[in-house]
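The structure appears right after this line, and notes come after that.
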Amino acid sequence: MKSIVDLKLMNKNRRKKRKGGLTPTSSTETQLEIQAIMAELPPEVIINILSRLQVGRLLCFRSIAKTWRSLIDSPYFVDLHLEKSAEAKSHLSLILRKDSDLYYINFDSLDDAVELNHPLMCYSNRIRVLGSCNGLLCICNVAEDIALWNPSTKKYRVLPSLPSDRKRDSGMCLCGARVYGLGYDAGHDDYKLVRISQFIGLDYLSFESEVKVYSLRNNAWKKVEDMPYVLCYTRKMGILVSGCVHWVVTRQLELDQLATELVIAFDIVKETFREVPMPESMNRKCQIDVGYLGGCLCIVAKYEDAGVDVWTLKEYGVRESWSKLLTLTQARRIKSVRPLVYSKNGREVLLEQDHENLVWFDLKSQRVKSVKVRGLPDLFEAVVCMESLVSVHPSRRDDRKKQESVGGRRIRRGMISWLKASSWCFRQSEKKTRTKSGELRPSVRDPECDNHFSVIINEGSGEGCLVDMGPYLTFLGGKDNSLSDSVLNFVGQLQLWSSRRE
Numbered sequence: 001m002k003s004i005v006d007l008k009l010m011n012k013n014r015r016k017k018r019k020g021g022l023t024p025t026s027s028t029e030t031q032l033e034i035q036a037i038m039a040e041l042p043p044e045v046i047i048n049i050l051s052r053l054q055v056g057r058l059l060c061f062r063s064i065a066k067t068w069r070s071l072i073d074s075p076y077f078v079d080l081h082l083e084k085s086a087e088a089k090s091h092l093s094l095i096l097r098k099d100s101d102l103y104y105i106n107f108d109s110l111d112d113a114v115e116l117n118h119p120l121m122c123y124s125n126r127i128r129v130l131g132s133c134n135g136l137l138c139i140c141n142v143a144e145d146i147a148l149w150n151p152s153t154k155k156y157r158v159l160p161s162l163p164s165d166r167k168r169d170s171g172m173c174l175c176g177a178r179v180y181g182l183g184y185d186a187g188h189d190d191y192k193l194v195r196i197s198q199f200i201g202l203d204y205l206s207f208e209s210e211v212k213v214y215s216l217r218n219n220a221w222k223k224v225e226d227m228p229y230v231l232c233y234t235r236k237m238g239i240l241v242s243g244c245v246h247w248v249v250t251r252q253l254e255l256d257q258l259a260t261e262l263v264i265a266f267d268i269v270k271e272t273f274r275e276v277p278m279p280e281s282m283n284r285k286c287q288i289d290v291g292y293l294g295g296c297l298c299i300v301a302k303y304e305d306a307g308v309d310v311w312t313l314k315e316y317g318v319r320e321s322w323s324k325l326l327t328l329t330q331a332r333r334i335k336s337v338r339p340l341v342y343s344k345n346g347r348e349v350l351l352e353q354d355h356e357n358l359v360w361f362d363l364k365s366q367r368v369k370s371v372k373v374r375g376l377p378d379l380f381e382a383v384v385c386m387e388s389l390v391s392v393h394p395s396r397r398d399d400r401k402k403q404e405s406v407g408g409r410r411i412r413r414g415m416i417s418w419l420k421a422s423s424w425c426f427r428q429s430e431k432k433t434r435t436k437s438g439e440l441r442p443s444v445r446d447p448e449c450d451n452h453f454s455v456i457i458n459e460g461s462g463e464g465c466l467v468d469m470g471p472y473l474t475f476l477g478g479k480d481n482s483l484s485d486s487v488l489n490f491v492g493q494l495q496l497w498s499s500r501r502e
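Going by UniProt numbering, the first residue of the sequence shown is number 1, and it counts up by one from there.
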C-alpha cells in the first residue's frame, strides 16, 4: 500500500535495480523510459494523471510520442482537463491590462507580474479585454480589431470585421457605449461573443440598440433581437455566470437625475435577454457593478458615503439566495472595488481596489491586507483566467465521435466518463478533508484504504489525486503493488522529463 509519493526514494530504488546502475542522462532516455512505463499502465490511469497537469507541461509532453500528441489534442481530453481544473479550482491566473499591455500573475504565488506578448500588440494602441471563458480571452484594440486568444497555448484567431448596420440618416447617433460578452454554448459546443451597440436619438430622448452574436464554430456574425435597455456605463466586458452574460443597464434615459440601475442577462444558448432580480434588502440609492466570484454572480453596490457592499447570488435565478458577503468602510473615498477570487481556504477574497491595488479581505476579521506584486502596473484592470487547452480553431463535431488512443490502446468515451466518477483530487495540506472530483456516486473512502494510493501531481501547490485500484484488482488477480509502482515511476519520470525541458 503506497502513501504520498516520495519521488527521490522511488528513483533511488529504481537506479539500484537498473543494470550497471546507469540512469537516464538525457531527455531522449527519459522519453524512452516513459514510453516503457506506459505499456504497464491502464490508459485510464495515464489520462487521470495527465488531466491534472499544468498546460505548459502538457504542451511539452506532446513531443514524447504521436499517441500523446493525439491524446492531449483530442476534444475529450481538453474537456476532461478543463473539468478537473474547474473542480479543483487550480491552474488559475490573473490577467492585468494597462493601456496596450497585458500582464500575467500566477495565482498560487502572486509574486510577479510578467508582461505577455498578445496578438494585437502595437505601440500606443489601447487594448480592452472583452471577455473570459474556459481559458479563452477576447481582446480588442481602438480600431475594433478583435482576437480570440488562449494565453496558455499562445494560439489566437482574429475575428471577421463587423461594421454597424445603423445608417447615418436614421436620426440616431452612436453614443459610444458598446459592450461585449464571451460565453460557451454547451448544446452546440460553440463559443459565442455578443456585441451590443447603443444608439441615442438626436433629441437625446430616444434610444435603440443593435445586438450581434459571433459564432466561433461558424466564424460568422449574426443579428439577434434588440435589447430594450440603456447601457449606463462603458466598461466593455460582460460577466459570464451560469451560461449568461451580464451587464448593468437602466430602463430609460434620465440625463438630469440618477437612474435606477438593474442587471440584465443574455442567455448564450437561447440568445435572449432577461432581467436578474436584485436583493430585496439592498439599498437602491447606489451605483452598482456586476462581477463573478467563486462560481456565483455578485453585485458591488457603491454608496455616496464611500461605503461598498458586495452581494453574492448563491443559487442562480433564486432571488432569495442573495447574501451580503462583505462591507468596505474606509476613511478615504473608494473609487472602485472588484471581487476576483477566493483564497484556497475560502476565508479571504482577493479584491482589485481603485484599479491600483490588489488586497486580501478577511471575511472573519473584516480586515484588508495589501498584496505586494513585483512589476505590478500603477493602473490596471484585472481578470481571472483559468489555464486550458481549449482551441480557438474548433474541431469538427464528427471528430468527437471518434475513439481516441494512448499507448496503442483504444480509449472509449465511457472510459472518460468513468474517470470523472472514480477518482479524487486533493491538496497535500488537506489532511482530513478530501475534495471529490466530479459528482461522485460512490461514497468517499479513507485514502488509507487498501484499494487506493495517493499521488502528488504538483509539488508546488501540493495538488494530487487518489487512484482507485478497485477496477484493476480482478484483472490483476487480487492486490498487486506492481501497478502502483508503475504509477509512481510514471509520475517521477514525467517530472524528470519536465525539468530537463525547462
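No residue lacks a Cβ here, since even glycine has one placed at the ideal position from N, Cα and C.
Keep in mind it's a predicted model, so treat the numbers as computed, not measured.
Rounded to the nearest angstrom, the gap between the Cα atoms of GLN287 and ALA382 is 20 Å. Within the UniProt domain "F-box" (35-80), the complete alpha helix (DSSP H) segments of 4 residues or longer fall at 43-50, 55-61 and 66-73, listed in chain order. The residue from ASN125, HIS91 and SER85 with its alpha-carbon nearest to that of ASP101 is ASN125. Rounded to the nearest whole angstrom, the CA to CA distance from LYS84 to SER51 is 7 Å. The shortest C-alpha to C-alpha distance from GLN198 to any of TYR214, ALA220, LYS192 and SER164 is the one to SER164.
The way I'd put it, the region 203-221 doesn't touch the region 293-300; fewer than three beta-carbon pairs between them come closer than 8 Å. Nearest Cα to LYS192 within the set HIS118, ASP203 and ASN219: ASN219. For SER370, the enclosing beta strand (DSSP E) begins and ends at 368-370. Secondary structure remark: continuous beta strand (DSSP E) runs of at least 3 residues inside the region 275-320, in chain order: 287-293, 296-302 and 308-313.
Per DSSP, reduced to three states, the secondary structure at THR28 is helical. Put simply, the region 182-191 touches the region 134-143. At least three CB pairs are less than 8 Å apart. Here ALA88 carries a helix assignment [DSSP, helix/strand/coil]. Counting the other CB atoms within 10 Å of its CB gives CYS122 a total below 16, which places it among the exposed residues. When C-alpha distances from ALA177 are compared across LYS324, ALA88 and GLY238, the shortest belongs to GLY238. Under the Cβ criterion (8 Å, minimum of three pairs), the region 63-80 does not count as touching the region 340-355. Restricting attention to ILE127, ARG97, ARG128 and LEU120, the CA atom closest to the CA of VAL114 is found in ARG97. The Cβ neighbour count for THR272, taken over all protein chains shown within 10 Å, is under 16; the residue is labelled exposed.
DSSP places GLU33 in the helix class (H, G or I) of the three-state scheme. In this structure, the CA atom of TYR104 is about 18 Å from the CA atom of PRO339. Judged by pairs of C-beta atoms under 8 Å, the region 323-332 touches the region 298-315, as three or more such pairs exist. CA-CA distance, TYR303 to HIS246, rounds to 21 Å. Beta-bridge analysis with DSSP links TYR229 to no other residue. Bridge partners of GLU348 according to DSSP: ASP362. In this structure, ILE72 sits near LEU58, with a CB-CB distance shorter than 8 Å. The continuous stretches of beta strand (DSSP E) do not include LYS270, and DSSP gives it neither H nor E.
Partner residues in the beta bridge of VAL383, as assigned by DSSP, are ILE95. Of ASN345, LEU376, ARG367 and GLN54, the smallest CA-CA separation from PRO151 is found for GLN54. Taking each of LYS270, ASP267, VAL318 and PHE266 in turn and checking the Cα distance to GLU280, the smallest one comes out for VAL318. The Cβ atoms of VAL390 and TYR156 lie no closer than 8 Å to each other. Non-local beta-carbon contacts of ARG217 in its own chain, meaning distances under 6 Å to residues more than five positions away in sequence, involve ASP190 and PRO394 in chain order. In this structure, the straight-line span from the alpha carbon of PHE107 to that of ASN48 is close to 24 Å.
PRO339 is bridged by DSSP to LEU351. Of all alpha-carbon atoms in LEU363, GLN330, ARG367 and ASN345, the one lying nearest the alpha-carbon of ASP354 is that of GLN330. Around the Cβ of SER388, a 10 Å sphere holds 16 or more other Cβ atoms; the residue is buried. Spanning the alpha carbons of MET386 and SER343 requires a straight line of approximately 15 Å. Taking ILE127 as the centre and dropping the five residues before and after it, the same chain places the C-beta of ARG97, ASP99, SER100, ASP101, LEU102, HIS118, LEU120, ILE139, CYS140 and ASN141 closer than 8 Å to its C-beta, in chain order.
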